[in-house]
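Student:
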Amino acid sequence: MGMTRSLTAILTVPLLTAALLASCGGSPGTPAATPAPTAGPAAPASLSASVETLPVSGALNVPGTLRIAGRAPADLTVTASGPQQAVTVTTTLQASGNDTLVQVTPVGSGRGPVTLTVQAGAARANVTLPLLRAAARPVRTDGAYQAGGATPWNGGVLLRAAANARADDRHALTAASAAGITALDFPLSGLDTITGHAVAPDGSVWVAVRGATAAGSELIRRAPDGTLTRVPAGTTETLSSLGVTPDGRVWAVAYGQPRLLSAAPDGTRGELALGSVPDALTVGPDGALYLTRRGEHPAILRVDPASGAAQTFPVGTPGVSVPAALTPAPDGTLLFTETRTGSAWRLDPRGGAQVALPLPAGTRAGALAAAPDGSVWVSDPTAGTLLRLTDGRAARVPLGGAARALTVTPDGRVWFELGGQLLTLE
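Mature numbering (1 follows the signal peptide of the UniProt record, and there is no 0) puts the sequence shown at residues -32 to -1, 1 to 394.
1. Please report the straight-line C-alpha distance between Thr(-16) and Leu84, rounded to a whole angstrom.
2. Give every residue of the same chain whose Cβ lies closer than 6 Å to the Cβ of Thr377, excluding the five residues on either side of it in the sequence, and list them in chain order.
3. Assuming residue 400 contacts Thr142 (C-beta within less than 8 Å), just tell me the rounded distance between them.
4. From Gly76, Leu100, Pro317, Thr47, pick the residue whose C-alpha is nearest to that of Thr56; which is it?
5. Val72: which of Gly360, Pro23, Val19 sits nearest, CA to CA?
6. Between the alpha carbons of Asn29 and Ala370, how many angstroms are there, rounded?
7. Please name the residue, chosen from Ala129, Arg356, Ser343, Arg261, that lies closest to residue 402 on a Cα-to-Cα basis.
8. For the beta strand (DSSP E) containing Arg138, list its first residue and its last residue.
9. Would you report the Cα separation of Ala4 and Val46, rounded to the nearest angstrom?
10. Helix, strand or coil, according to DSSP, for Pro214 in the structure here?
11. For His265, does the count of other Cβ atoms within 10 angstroms reach 16, so buried, or fall short, so exposed?
12. Residue ranges of each beta strand (DSSP E) run of no fewer than 3 residues wholly in the segment 212 to 276, ordered along the chain?
13. Identify, in the order they occur along the chain, each residue of the same chain with its Cβ nearer than 6 Å to the Cβ of Ala231, setting aside the five sequence neighbours on each side.
14. Might you give, ordered along the chain, the residues of its own chain that have their beta carbon closer than 6 Å to the beta carbon of Thr204, omitting 5 neighbours on each side?
15. Can you tell me the Cα-Cα spacing of Gly300 and Pro214, whole angstroms?
16. Taking the beta carbon of Glu394 as the centre, do at least 16 other beta carbons fall within 10 Å, making it buried, or is it exposed?
17. Of the residues Leu249, Pro226, Val212, Gly319, which one's Cα is nearest the Cα of Pro233?
18. How should Thr33 be labelled, buried or exposed, when 16 other C-beta atoms within 10 angstroms of its C-beta is the threshold for buried?
19. Using a Cβ-Cβ cutoff of less than 8 Å, which residues in the same chain neighbour Thr375 once the five nearest sequence positions on both sides are dropped?
20. Taking the beta strand (DSSP E) that Pro286 belongs to, which residues open and close that run?
21. Could you name the residues of the same chain whose beta carbon sits closer than 8 Å to that of Thr59, not counting the 5 residues immediately before and after it, in chain order?
22. Taking the runs of the alpha helix (DSSP H) that are 4 residues or longer, which of them lie wholly in the segment 179 to 206?
23. Could you tell me which uninterrupted alpha helix (DSSP H) segments, each at least 4 residues in length, are contained entirely in the segment 75 to 114, listed from first to last along the chain?
24. Compare the C-alpha of Arg79 against each of Thr21, Ala90, Pro51 and name the closest.
25. What is the DSSP secondary structure of Pro41, counted as helix, strand or coil?
26. To the nearest angstrom, report how far apart Ala241 and Arg189 are at their CA atoms.
27. With DSSP as the reference, label Thr309 as helix, strand or coil.
28. For Ser208, name the three-state secondary structure that DSSP assigns.
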């Protein structure tokens, strides 16, 4: 994964890597300094360390790893102190070429900062990393479920099944929270399929439905009291990538069409003509619509939903790049992936600046999710891992499979579906 290149931090005395501290919400420890020896060979006064894997307790039970560069296990002593919860932390050292890998293994189920005190002769430093806790439960009792998308809702998430799912999953959304998992039904039947969903500021839920009749697709609003409003979309094309603006109006992309379709809470239908065909949309923190476009002129577009005025931000390589996974971040920027290269980017629409996210070599970014603390979660379906990016550094969580419907809720919990199980990380 090439984690060392992107995570390396030089640990000197006094030293503590602020990025690692910020990722766990802890406060700095106080490194202790030992005077250099006055005789014999001089020992290096610094340690080079890189976090490669974050430890996870509970359902995943993943050990964390810290690489100490240029040191043999016999040269090091490592002690760990963990959170005072129902969990203990043990460490083991093993050689990896000229380096040492420190494995941090949680036993039990708990979360919080883990502080490693690493010493090699005169060099000593404390490194703090987060211990995450995972919980898992089946979405369906038979385990046969594959998510196609998710959005935060009522203290948890609202899941949409994949378009090729069985009928009962295609006809409903799945609401999951600490209270349990329940179905949110819609009046659908036969080959009808929910192809997109979004939550409005008032808590109402919009779904896009691909119909099986000549009437074509439709948008359905489910109010908080359960009242349904059905709005024919006026097209037989599949609707997807829904977004709701602050006025409660839902917007949708219709496959292959150079326009956006919309519907107001009272059922009034509208559309907005575009100069090109969009792939997907999201609503930004500023209330504007943001679209991805591929083709000869790949770009992110900002569209004012009231006036239709558009601003274009070219991205990638003309005729090659395919921007995807467009995700708003709390700081007003937008995150997106480039599917041809597997890279991920941050766009600031206030000035147009674009910055590549610091992914380890070999990463193929899939879904993106922005957390309230400013960190970014990235799924790599090819490697079967999640990555957490914070302050320019990345650390991974091995999953053994592809995380689907990656979402972060306002409380900072990470949600995703894996093999029919709904998992949370906190």
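For glycine and all other residues, C-beta sits at the position ideal for the given N, C-alpha and C.
Tutor: Result, derived from the coordinates:
1. Model confidence at Thr(-16) stands at a pLDDT of 34, short of 50, so the residue's coordinates are unreliable and nothing is read from them.
2. Pro120
3. As displayed, the chain neither begins before -32 nor continues past 394, which places residue 400 out of reach and without an answer.
4. Gly76
5. Nearest C-alpha to Val72: Pro23.
6. Spanning the two alpha carbons is a distance of roughly 17 Å.
7. Given a span of -32 to 394 for the chain in the structure shown, any question on residue 402 remains unanswerable.
8. Per DSSP, Arg138 belongs to no beta strand (DSSP E); it is in the alpha helix (DSSP H), 135 to 138.
9. Residue placement at Ala4 is flagged as unreliable, the pLDDT there being 37, under the threshold of 50; the coordinate-derived value follows with that caveat. So the alpha carbons of these two residues sit roughly 19 Å apart.
10. Here Pro214 carries a coil assignment [DSSP, helix/strand/coil].
11. Counting other Cβ atoms within 10 Å of its Cβ, His265 stays below 16 and is therefore classed as exposed.
12. The qualifying runs are 218 to 222, 227 to 231, 237 to 241, 248 to 251, 257 to 261, 267 to 271.
13. Leu187, Val199, Val218, Arg237
14. Gly184
15. The C-alpha of Gly300 lies about 15 Å from the C-alpha of Pro214.
16. exposed
17. Val212
18. buried
19. Ala118, Thr119, Pro120, Val125, Ala337, Val382, Trp383, Phe384
20. For Pro286, there is no enclosing beta strand (DSSP E), since its DSSP letter is neither H nor E.
21. Val46, Thr47, Ala48, Val70, Gln71, Val72, Thr73, Leu84
22. none
23. Those alpha helix (DSSP H) runs which fall completely within the segment 75 to 114 and span 4+ residues do not exist here.
24. Pro51
25. helix
26. 23 Å
27. coil
28. strand
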